[in-house]
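Input: a single structure, listed below in structure tokens.
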Amino acid sequence: MKLRVGALLAALSLVTLTGCAVAADDFDNVAPSRKPDGGGGSDTSEAEEDTGTATETDTGTPPTGSDTGTATEDSGSPSTDTGSAPADTGAPPADAGPGACSKLTAADCMSASSIGSVSGDTGSGIKTATGTDSKFLRVTVSEDDSALLSSKDPKARITLKSTGGNFDLYVYQGPSKGDGGGVECTTFKVSATEPASDDVVSISWNDNRPIGGHDDTRVLTIEVRATMPSCAGASWSLTVEGNK
Numbered sequence: 101m102k103l104r105v106g107a108l109l110a111a112l113s114l115v116t117l118t119g120c121a122v123a124a125d126d127f128d129n130v131a132p133s134r135k136p137d138g139g140g141g142s143d144t145s146e147a148e149e150d151t152g153t154a155t156e157t158d159t160g161t162p163p164t165g166s167d168t169g170t171a172t173e174d175s176g177s178p179s180t181d182t183g184s185a186p187a188d189t190g191a192p193p194a195d196a197g198p199g200a201c202s203k204l205t206a207a208d209c210m211s212a213s214s215i216g217s218v219s220g221d222t223g224s225g226i227k228t229a230t231g232t233d234s235k236f237l238r239v240t241v242s243e244d245d246s247a248l249l250s251s252k253d254p255k256a257r258i259t260l261k262s263t264g265g266n267f268d269l270y271v272y273q274g275p276s277k278g279d280g281g282g283v284e285c286t287t288f289k290v291s292a293t294e295p296a297s298d299d300v301v302s303i304s305w306n307d308n309r310p311i312g313g314h315d316d317t318r319v320l321t322i323e324v325r326a327t328m329p330s331c332a333g334a335s336w337s338l339t340v341e342g343n344k
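Just so we're on the same page, this note's numbering is the position in the sequence shown counted from 1, plus 100.
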């Protein structure tokens with residue numbers, strides 16, 4: 101019995117010794133623990149520590165051609181308006197002579213210029229006029245033979261000659277003086293519109309001889325009317341013959 105116990109103890113002692121040897125071997129093969137950073141020496145097997153600092157530093161300096169922010173100053177001074185406009189002299193354009201022919205109106209007829217008077221039943225009176233544009237003229241044809249037994253009708257012949265253009269002739273006959281007289285500017289009595297020759301008209305009216313007498317003198321308004329748009333280089337001459 102004692103022999104078995106001794107043998108068992110010897111076996112256990114051997115096992116214990118063997119286990120200690122293995123533990124020592126294992127201890128040699130285990131990597132040593134990392135020493136705290138800041139000790140006498142650092143473990144060179146560790147990866148490089150990230151310090152958080154970027155390699156490139158942004159200096160914050162703007163590009164060389166930076167905008168200084170300076171703009172051209174607006175002085176705020178506008179151009180001065182003097183407020184002066186060309187003075188209106190009120191004078192109508194001067195008659196430049198030959199040019200565009202005038203377009204006559206009823207107002208022109210009412211303000212026609214008089215060239216005088218001729219007798220319509222005695223003598224051989226003549227009145228003349230000239231011009232270079234359309235125009236209204238006025239002539240009085242008088243009754244001068246007042247004999248009781250005479251019945252001579254007043255009359256006149258009017259001739260228009262055109263040069264360098266063509267003008268037409270229109271004659272308006274006013275009421276007799278015994279009927280109140282006056283002028284006519286609405287409806288012409290006779291006309292002549294020859295394109296290539298003289299325009300000639302003859303006009304006459306009855307000699308009224310009621311008891312107490314009656315004055316058959318009349319005012320004739322003569323229109324010389326251009327038939328072309330331009331009167332440049334054109335002219336006319338007018339002749340009024342009484343008692344013809």
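Where is the CB? At the ideal position from N, CA and C, for every residue including glycine.
Every value quoted in this text rests on a predicted model; they were computed, and no experiment measured them.
Between the region 259-266 and the region 235-242 there are fewer than three C-beta pairs closer than 8 Å, too few to call the two in contact. In the structure shown, the three-state DSSP call for residue 333 is coil.
In the three-state DSSP reduction, residue 229 falls in the strand class (E or B). For residue 208, the enclosing alpha helix (DSSP H) starts and ends at 206-210. If you look at residue 268, you'll find it in the beta strand (DSSP E) that goes 267-273. The residue among 332, 256, 326, 293 with its C-alpha nearest the C-alpha of residue 339 is 256. Residue 281 carries a coil assignment under DSSP once its states are collapsed to helix, strand and coil.
Pairing residue 220 with residue 308 gives a Cβ-Cβ distance that is not under 8 Å. DSSP, read as helix, strand or coil, puts residue 309 in coil.
Counting the other CB atoms within 10 Å of its CB gives residue 295 a total below 16, which places it among the exposed residues. The Cβ atoms of residue 251 and residue 324 do not sit closer than 8 Å to each other. Under a 10 Å Cβ-count criterion, residue 227 is classified as buried, with 16 or more other Cβ atoms of the shown protein chains found around its own Cβ.
Cβ-Cβ separation between residue 199 and residue 326: approximately 11 Å, too far for a contact (criterion under 8 Å). In terms of Cβ geometry, residue 316 and residue 305 form a close pair [threshold 8 Å]. In the structure shown, residue 249 falls within a coil segment according to DSSP collapsed to helix, strand and coil.
Within a 10 Å sphere around the beta-carbon of residue 225 sit 16 or more other beta-carbons, which makes this residue buried.
Annotation for residue 302: 257 place their beta carbon closer than 6 Å to its own, counting only its chain and skipping 5 residues before and after. When the beta-carbon positions are compared, residue 336 and residue 205 stay at least 8 Å from each other. Residue environment for residue 274: buried (at least 16 other C-beta atoms within 10 angstroms of its C-beta).
Look at residue 235 here: in three-state DSSP terms it is strand. Spanning the alpha carbons of residue 280 and residue 299 requires a straight line of approximately 30 Å. For a cut-off of 8 Å, the C-beta gap from residue 268 to residue 291 is around 7 Å, short enough to register as a contact.
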